[in-house]
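Single-structure report; data block below.
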Amino acid sequence: MQTLQFLLWRLAKGILVVLAIVILDFFLIHMAPGDPASVMAGESGATDEAFVQQLRVKFGLDQPLTTQLGLYLWGVVRLDLGFSHRQQMPVLDLVLDRLPATLLLTGAAFVFSLTLGVVLGAWAAAHKGRPLDRIITTVSLVFYAAPLFWMALMAVLIFSVWLDWLPAFGIRDVGGDAGLLDRTLDVARHLVLPAVTLGLFFTAVYVRITRASMIEVARQDFVKTCRAKGLPERVILRRHVLRNAVLPVVTLAGLQAGQMVGGAVMTETVFAWPGIGRLMYEALIQRDYNLLLGVFVVSAAMVVVFNILTDLVYRMVDPRIEVSR
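Heads up: the sequence shown begins at 36 in the working numbering, then just goes up one per residue.
In structure tokens form, the structure reads like this:
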């Protein structure tokens, strides 16, 4: 019962957070230079003011911002994110069509970065001050400092152009009706480069957090007691040090799970991955306000859900922690 009350309370607060983000994004987008009606008129070859004004009236851009905001919020409450006049489709349908690809990419990058980061961080902590520790921390610092778009371009240049090991763009090869296994393997091959590129930055963060947390826990009295009892060092590190040091990593992982959606914008653009990150970029270029806002709403909702799941995982990792409002 306490857990259910906690979930309902967090869900209510999450809805308020999403609405606040929608309002802020709405005004920020409309403050940006450029007019969707002017862009569409220019693309159609008709730049006279009368035609531009007709487009503004048709799309409701002639109304005051407060009126447009009120109509949009009422639509969000009814799960209606508006209509994309550029794509000629409802925004919700467009986002839901691209969402599985983004979830696949960010999920793979999250599992890769968290697993590799914890393992390397544990190795670095176990070999503190030794060459292996210095190598791991130096390499992680390089991946942390390197720009994401540069890493993506280097990955394409090395593994796709020079070595020809992996495909560089898209989610599947064009053409052919392969079986389920062949399609799965094809998607997996296309997934490797964008997932690893996106995950390496977060891997560097997990390495440093895991290493620092394990070194801190290893100094505590209960670890000294375990050593005094004669327990093997591997057992102490795995069962006692790592288990207690993983809580900060879980907290950071929950926060960065939502951030990966933002990082996916650059990754999906470079690798032509058909997810909502690339959809966001296309909507920005085309001045498609409804579509851009729809992507923001879904992204904000995903971050709220990830944060709630993090609180539940926290409770599973350490039962001593009680859920509260």
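Even for Gly, the Cβ is constructed at its ideal location relative to N, Cα and C. All values reported here derive from a predicted model rather than from experimental measurement.
For F118, I'd like the list of residues in its chain whose CB is within less than 6 Å of its CB, leaving aside the five on either flank, ordered along the chain.
P125
For V242 and L155, the rounded distance between their alpha carbons
6 Å
Please name the residue, chosen from R224, A161 and L192, that lies closest to V252 on a Cα-to-Cα basis.
Among R224, A161 and L192, the Cα nearest to that of V252 belongs to A161.
With a CB to CB cut of under 6 Å and the five nearest residues on each side skipped, what residues in its chain are close to S248?
A280 and P283
When DSSP labels each residue in this structure, what does P166 get in the three-state scheme?
helix
Given a cut-off of 8 Å, decide if A263 and L228 are closer than it, judged by their beta-carbon atoms.
no
Are the Cβ atoms of G310 and T137 separated by less than 8 Å?
yes
Segment limits, alpha helix (DSSP H) that includes G205:
It is not in any alpha helix (DSSP H) - G205 carries neither H nor E in the DSSP assignment.
Same chain only: Cβ atoms within 8 Å of G110, ignoring 5 sequence neighbours per side
L116 and G117
Residues in its own chain within less than 7 Å of V224 by CB, not counting five upstream and five downstream?
For the sequence presented, residue 224 should be read as Arg rather than Val. Excluding residues within five positions, the ones whose Cβ falls inside 7 Å are L201 and P202.
Give a yes or no on whether the C-beta atoms belonging to A335 and L327 are separated by under 8 Å.
no
Are the beta-carbon atoms belonging to L167 and W158 less than 8 Å from one another?
In contact: L167 and W158 (Cβ atoms closer than 8 Å).
Here's a check: name, in chain order, each residue in its chain whose Cβ is nearer than 8 Å to the Cβ of Y316, leaving out the five neighbours to either side.
V300, E303 and T304
Near V196, what residues of its chain come up, given a Cβ to Cβ distance below 8 Å and the 5 sequence neighbours on each side ignored?
A203
Alpha helix (DSSP H) segment containing S248, residue limits
L215 to A253
Pop quiz: F341 and I56 are said to be a contact at Cβ under 8 Å. What is the actual Cβ separation, rounded to whole angstroms?
That pair is no contact at about 14 Å.
I193 burial status per 10 Å Cβ neighbour count (16 or more: buried):
exposed
Where the alpha helix (DSSP H) containing A181 begins and where it ends:
No alpha helix (DSSP H) contains A181, which DSSP labels as neither H nor E.
Which runs of the beta strand (DSSP E) at least 3 residues long sit entirely within the segment 90-157? Give them in chain order.
none
F306 in three-state terms, based on DSSP:
coil
For the alpha helix (DSSP H) that G312 lies in, which residues bound it at each end?
I311 to Q321
Whose C-beta lies closer than 7 Å to the C-beta of I171 among residues of the same chain, with five residues either side of it excluded?
L155, W158, A159 and V242
Let me check understanding here. Comparing Cα to Cα, which of L140, V53 and V92 lies closest to I206?
Measuring from the Cα of I206, the nearest candidate turns out to be L140.
Please report how far the alpha carbon of G329 lies from the alpha carbon of L127, in whole angstroms.
7 Å
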